[in-house]
Amino acid sequence: MTRQFEQIDLVSQQVDKGEEKARIEPDANTEEIQIDASNPERKVKIGADLQGELRTEVVQVLTRYKSLFAWSVADMPGIDRSVICHRLSVLEGSRPVRQKKRFLASDRRDFVKKEVKDLLE
Numbered sequence: 055m056t057r058q059f060e061q062i063d064l065v066s067q068q069v070d071k072g073e074e075k076a077r078i079e080p081d082a083n084t085e086e087i088q089i090d091a092s093n094p095e096r097k098v099k100i101g102a103d104l105q106g107e108l109r110t111e112v113v114q115v116l117t118r119y120k121s122l123f124a125w126s127v128a129d130m131p132g133i134d135r136s137v138i139c140h141r142l143s144v145l146e147g148s149r150p151v152r153q154k155k156r157f158l159a160s161d162r163r164d165f166v167k168k169e170v171k172d173l174l175e
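Basically our numbering = 1-based index in the sequence shown + 54.
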């Protein structure tokens, strides 16, 4: 393990009911660029307002580091728990509550089954 991961900080934040956080929206003026010639469906969006040398540099960096992008769930093998760990904020000793079964329309049910199957592969 490298030295940069030797110190792990715990980040915790409570959100009050009714509190809303401002959301930052992406610029609507974007363009898709293909960064992998062998996989034409792998595209990323960049600002359409980028001009000249800056645009060229951004495209070169994205193309050079295309292997860092996770294009599917299979590309995300997992993260060492010593680096980051997600915990639910529940009281210790509390028991799970069984909720009633929720029924979905047939088209939604088929979509959910397909998504779950893809996630489990």
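All C-beta atoms in this analysis are idealised placements derived from N, C-alpha and C, irrespective of residue type, glycine included.
Considering only their Cβ atoms, is the gap separating residue j from residue i smaller than 8 Å?
i: V166; j: L174; result: no
i: I100; j: V115; result: no
i: D172; j: V98; result: no
i: R96; j: W125; result: yes
Can you name the start and end residues of the alpha helix (DSSP H) that residue i belongs to?
i: G106; result: 106-118
i: V166; result: 160-174
Do you know how far the Cα of residue j is from the Cα of residue i?
i: T84; j: R162; result: 31 Å
i: G147; j: P131; result: 31 Å
i: P150; j: V144; result: 10 Å
i: N93; j: R118; result: 15 Å
i: K168; j: D129; result: 19 Å
i: D134; j: R141; result: 14 Å
i: S121; j: E86; result: 18 Å
i: S160; j: V170; result: 15 Å
i: S136; j: G106; result: 42 Å
i: R109; j: A102; result: 9 Å
Mind checking residue i: buried by the 16 CB within 10 Å criterion, or exposed?
i: I138; result: exposed
i: I89; result: buried
i: R152; result: exposed
If you follow the beta strand (DSSP E) that residue i is part of, which residue opens it and which one closes it?
i: I133; result: No beta strand (DSSP E) holds I133; DSSP gives it neither H nor E.
i: E74; result: No beta strand (DSSP E) contains E74, which DSSP labels as neither H nor E.
i: E95; result: That residue, E95, is in no beta strand (DSSP E); it is neither H nor E in DSSP.
i: Q222; result: The chain is shown only over 55 to 175; residue 222 falls outside these bounds and no answer can be derived.
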